[in-house]
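Heads up, the thing below is written out as structure tokens.
2 protein chains.
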Amino acid sequence: MPQPKPTQKQINKENLLSQGVTLLTHKGYHGTGLKEILDAVQIPKGSFYNYFGSKENFAAEVTQHYIAPFIKQLDAHLQNPDGDALGAIKRYFGELINELEQTDFKGGCLLGNLMGEIGDTSEVVRASLQQAVNQYRDLLQAGLAKAQQEGTVRTDKSAGEMADLLVNTWQGVLLRMKIDKSSVPLKQCCTNLLDEYFRN
Amino acid sequence: MPQPKPTQKQINKENLLSQGVTLLTHKGYHGTGLKEILDAVQIPKGSFYNYFGSKENFAAEVTQHYIAPFIKQLDAHLQNPDGDALGAIKRYFGELINELEQTDFKGGCLLGNLMGEIGDTSEVVRASLQQAVNQYRDLLQAGLAKAQQEGTVRTDKSAGEMADLLVNTWQGVLLRMKIDKSSVPLKQCCTNLLDEYFRN
DNA sequence: TTTTTCGAGACGACTGGTCATTTTTTATTA
DNA sequence: TAATAAAAAATGACCAGTCGTCTCGAAAAA
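So the protein sequences, as listed, match chains A and B. Residues in the first sequence are numbered from 119 upward in steps of one, following the working numbering. Residues in the second sequence are numbered from 119 upward in steps of one, following the working numbering.
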């Protein structure tokens, strides 16, 4: 039995990570105090250090907790038997744009925000971010490769390179979105890459 | 006489802004304490608040102080009479890549870092960031428009849209650079956009 | 010309509060 | 009871920002 009944410790950790995702996304690493997270989930400070050891380690775990649902969501679209891979990717990013519009373009991507803020000062967080981004990129690469086989995406450029470009550009447009308070950059990114540059 | 001899106040502000660029770029907004900046330039705290009023206003001025040299550098390339506009842009980004390689991919772009960290929490900084990015984008747009006239860049897509895509993608690859500690993303960005997608 | 007055700018010790982390105490479980 | 986990309390460092004092040059008065 893998997890028939989660222990209180597991529940607490889950709550902390979940709240951590929200707060770190919106207020950043140094902008979020431990007390703020602890108060939100009603867990004493001592327990936090028992669970995670340090704020840095916590942030590293938060990044993994953050990316998992996105991987799941994208994978669900790609696994969908009816519909081509390129269409699945486009629909996935369309959903992301919808969600961002509904949250008034606030927050953006936790990964991108942490990369900019502490990507080059905290080694543990850096490594965790790299792993999360690579996971995401690899799934995108697989989707693009499938689209290549289906003939919708050009084959003179590797799926890996296109996946990288897409991931990186997406991070860039998320930043631009935040200061322009607009989804136009997001849509332009999808159009330019998915509808034009990658097209066969 | 515009500025025959700068006052001590002007010198102090200049030093603070210059040090602010360095520290905010590498340690972020919340990661940099005022004391750290003040100690570095040997200026008392009272003077700081006399000059800037608040840390937030200071950061807003720092962003302007940060972007100016980049505008100048890119403009110098574009003004160069011998050589086409697309070549000038490519050479400019080549220089940026060189500089980033020499600084071990640390820091990245202050604008991008601040967009992620406080782009949606500080209104004054957000506005300043937007202005700085737009300045940069407009210059890039002018360069791309010139390249269109010269026949090296496609004309079926507006120079403005391409400038936006380039600026945004560049921000994204700078983040990726930080966690991969590699200039490969930077080079791929230039190749994909300037050598391929934008090409006529 | 010399003296006095005055005010703007410069200044740094100080404030209340928050920071992440550690140490100590209490509770739980084996 | 011994070992382990959880919670509370304590710790010192640091935070952005303030405020009363001081300095110094220019204007006013003598």
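For every residue, glycine included, the Cβ atom is placed at its ideal position computed from N, Cα and C.
Simplified DSSP state of R272/A, which is helix, strand or coil: coil
Min CB distance Q220/A to chain B below 9 Å: no
Reference D238/B, options T309/A, T221/A, Q259/A and Y254/A, closest by Cα: T221/A
Per-residue burial, S246/A [other beta carbons within 10 Å of its own, 16 or more giving buried]: buried
Beta-carbon contacts of Y169/B that lie in its chain and below 6 Å, excluding the five residues immediately before and after: K131
Same chain, Cβ closer than 6 Å to E219/B, neighbours up to 5 away in sequence not counted: S301
Spatial neighbours of I215/B in its chain, beta-carbon cut-off 7 Å, leaving aside the 5 residues before and after: S301, L304 and K305
Alpha-carbon spacing of T270/A relative to L284/B, whole angstroms: 25 Å
Cβ-Cβ separation, T287/B to N286/A (assumed contact under 8 Å), whole Å: 6 Å
Member of R272/A, E268/A, E213/A and K299/A whose CA lies at the smallest distance from the CA of D200/A: E268/A
CB of G146/A within 9 Å of CB of G146/B, strictly: yes
Short Cβ contact (9 Å threshold) for F223/B with K299/B: yes
Start and end residues, alpha helix (DSSP H) containing C227/B: Here C227/B belongs to no alpha helix (DSSP H), and DSSP marks it neither H nor E.
8 Å CB neighbourhood of I161/B in its chain, flanking five on each side removed: N130, N133 and L134
Residues that H195/A contacts on chain B, provided the C-beta gap is smaller than 9 Å: Those do not exist, as H195/A stays about 22 Å from chain B at its closest Cβ, beyond 9 Å.
Proximity below 9 Å, CB of G234/A to CB of M233/B: yes
Contacts around G138/A, its chain only, beta-carbon distance under 7 Å, and the 5 residues preceding and following it disregarded: I155, F176 and V180
Among V242/A, N198/A and K208/A, nearest to G171/A - alpha-carbon criterion: V242/A
Interface flag, L258/A vs chain B, CB-CB below 9 Å: no
Exposed unless 16 or more other CB atoms sit within 10 angstroms - verdict on T273/B: exposed
Proximity test, Cβ basis, 9 Å: V285/B and chain A: yes
Limits of the unbroken alpha helix (DSSP H) element including D193/A: K173 to Q197
Below-9 Å beta-carbon distance, E279/A vs any chain B residue: yes
Proximal residues to Q121/B (C-beta, below 7 Å), its chain only, five neighbours per side dropped: Unreliable positioning characterises Q121/B in this predicted model, as indicated by a pLDDT of 39, which lies under 50. A coordinate reading is not provided.
Spatial neighbours of Y210/B in its chain, beta-carbon cut-off 6 Å, leaving aside the 5 residues before and after: L192 and H195
Residues that DSSP places opposite R317/A in a beta bridge: V271/A
Endpoints, alpha helix (DSSP H) assigned at G149/A: That residue, G149/A, is in no alpha helix (DSSP H); it is neither H nor E in DSSP.
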